Amino acid sequence: MHPEDRTKIFNDYFNSIFKDSNVLTPEQFEKTADSYEAKFGEFIPQDKNSRILDIGCGCGHFLYYLQKNGYTNFYGIDVSSQQVDY
Numbered sequence: 262m263h264p265e266d267r268t269k270i271f272n273d274y275f276n277s278i279f280k281d282s283n284v285l286t287p288e289q290f291e292k293t294a295d296s297y298e299a300k301f302g303e304f305i306p307q308d309k310n311s312r313i314l315d316i317g318c319g320c321g322h323f324l325y326y327l328q329k330n331g332y333t334n335f336y337g338i339d340v341s342s343q344q345v346d347y
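Mind the numbering: the sequence shown is residues 262 to 347 in the numbering used here, read in order.
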């Protein structure tokens with residue numbers, strides 16, 4: 262499959278699933294961010310200046326968690342420009 266076809270299929274899927282969803286609301290970002298400490302707390306560095314890369318960041322829920330908790334050196338990448346642009 263050609264890469265452009267794969268991208269179109271993914272973007273169409275994203276639009277159909279998340280267009281009218283509550284996954285991208287501020288309330289959902291808060292709820293999701295609050296769950297990261299319990300799930301991943303032991304793996305997240307204590308140093309707030311640590312470099313962190315979120316591969317497959319989607320809409321940025323984990324990046325939101327990092328920012329909310331004072332981290333300053335984090336980045337996210339995703340194949341979906343629509344999710345990243347959100």
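The beta carbon of each residue, even a glycine, is placed where N, CA and C say it ideally should be.
From a predicted model like this one, the values you see are computed outputs, not experimental measurements.
* To do: Give the single residue among Asp-308, Ile-338 and Gly-319 whose Cα lies nearest to the Cα of Tyr-332.
  => The residue you call residue 332 lines up with position 71 of the sequence shown. Looking at the Cα atoms, Asp-308 is the closest of the given residues.
Contact under 7 angstroms by Cβ, Cys-318 with Gly-337:
Within the sequence shown, residue 318 is the residue found at index 57, counting from 1. Within the sequence shown, residue 337 is the residue found at index 76, counting from 1. Taking 7 angstroms as the Cβ cut-off, Cys-318 and Gly-337 qualify as a contacting pair.
If you reduce the DSSP assignment to three classes, tell me which class Ile-305 lands in. In the sequence shown, residue 305 corresponds to position 44, counting from 1. Of the three classes helix, strand and coil, the one that applies to Ile-305 here is coil, per DSSP.
Min CB distance His-322 to chain C below 7 angstroms: The structure shown contains no chain C; it holds only a single protein chain.
> DSSP state of Asp-315, grouped into three classes?
Replying inline: Within the sequence shown, residue 315 is the residue found at index 54, counting from 1. Asp-315 falls in the strand class under three-state DSSP.
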